[in-house]
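Take the sequence shown: its letters are residues 9 to 183, numbered as in this note's numbering.
In this text, a Cβ means the ideal position worked out from N, Cα and C, and glycines have one as well.
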Amino acid sequence: MKSPLSPLCRSLSLAILAGLLLGACTSTKSLRSYQSESFSSETPYHYYSNRDAEGACEIGKRALLSQGYQIDDEKARSIRGEKFFRPRPDEATRLSITLVCLPSSLGAVIYASALETQFEMKSKGSNAGVSVSALGSVSLPWAIDKDTLVKVGEETVTAPDFYQRLFDLVKSLDS
């Protein structure tokens, strides 16, 4: 018995099926950020001090203050400071640094984590008007531009040299 499909239809169907199968094999699923997390024991995110935990945090606080960071959350063993940057007139960046100070066999260890948040200026235009009832229905429209900063991204700072510079300053204050 002969197939009802013409040879052209069969060839086209096989070509489409082969294309779909090859496409499924070659498509790569992008890795999620946490999948590349290594949890290495060698890390640039800590500094050892001979001081106790509270004394080490005091040194960390002085380091942040000396660089123009505003301390917005301070506890005996943790400090968070932030600093704002304006790379361009329509952009702003906030750099937040958190220091956590814990006791260790050497005295104390300071752990640092920095978070960079990017903002962009967005304009929202609207119209407003005034009606003067004594003159009748007169409306005087004018444009009002309302600029607001909108958060467009946030990322943990992972650059080892950033933390090296921070801890070099902490070390200079720790001696």
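#1: Count the other CB atoms, across all protein chains shown, that sit within 10 Å of the CB of Ala64; report buried if there are 16 or more and exposed otherwise.
#2: Is the separation between the beta-carbon of Leu107 and that of Phe127 shorter than 8 Å?
#3: Between Leu181 and the rest of its own chain, which residues show a CB-CB distance below 7 Å, the 5 nearest in sequence each way excluded?
#4: Can you give the Cα-Cα distance for Met129 and Glu90, rounded to whole angstroms?
#5: Do Ala122 and Ser104 come within 8 Å of each other at the CB atom, strictly closer than that value?
#6: Residues in the same chain with beta-carbon distance under 6 Å from Asp81, minus the five sequence neighbours each way, listed in chain order, please.
#7: Tell me whether Gly76 sits in a helix, a strand or coil according to DSSP, three-state version.
#8: What are the boundary residues of the alpha helix (DSSP H) that includes Leu103?
#9: Using C-beta distances below 6 Å, list every residue in its chain close to His54, excluding the 5 sequence neighbours before and after it, in chain order.
#10: Phe93 to Ile24, Cα distance in whole Å?
#11: By how many angstroms is the C-alpha of Pro111 removed from the C-alpha of Ser74?
#12: Hey, out of Leu174, Thr101, Phe170, Glu50, whose CA is closest to Glu162's CA?
For this structure:
#1: Per the 10 Å Cβ criterion, buried.
#2: Cβ distance not < 8 Å, so Leu107 and Phe127 don't count as in contact.
#3: Within its own chain, the residues whose Cβ lies closer than 7 Å to the Cβ of Leu181, once the five positions on either side in sequence are excluded, are Ile67, Arg70, Ala71, listed in chain order.
#4: Pairing Met129 with Glu90, the inter-Cα distance amounts to about 20 Å.
#5: Yes. Within cutoff.
#6: Within the same chain, Asp81 has close Cβ partners Arg88.
#7: Coil at Gly76, not helix or strand.
#8: For Leu103, there is no enclosing alpha helix (DSSP H); the enclosing beta strand (DSSP E) has its first and last residue at 99-112.
#9: Within the same chain, Val117, Tyr119 come within 6 Å of His54 by CB-CB distance, once the 5 residues on both sides are set aside.
#10: In this structure, the CA atom of Phe93 is about 54 Å from the CA atom of Ile24.
#11: One C-alpha to the other measures close to 24 Å.
#12: Checking every option, the nearest Cα to that of Glu162 belongs to Thr101.
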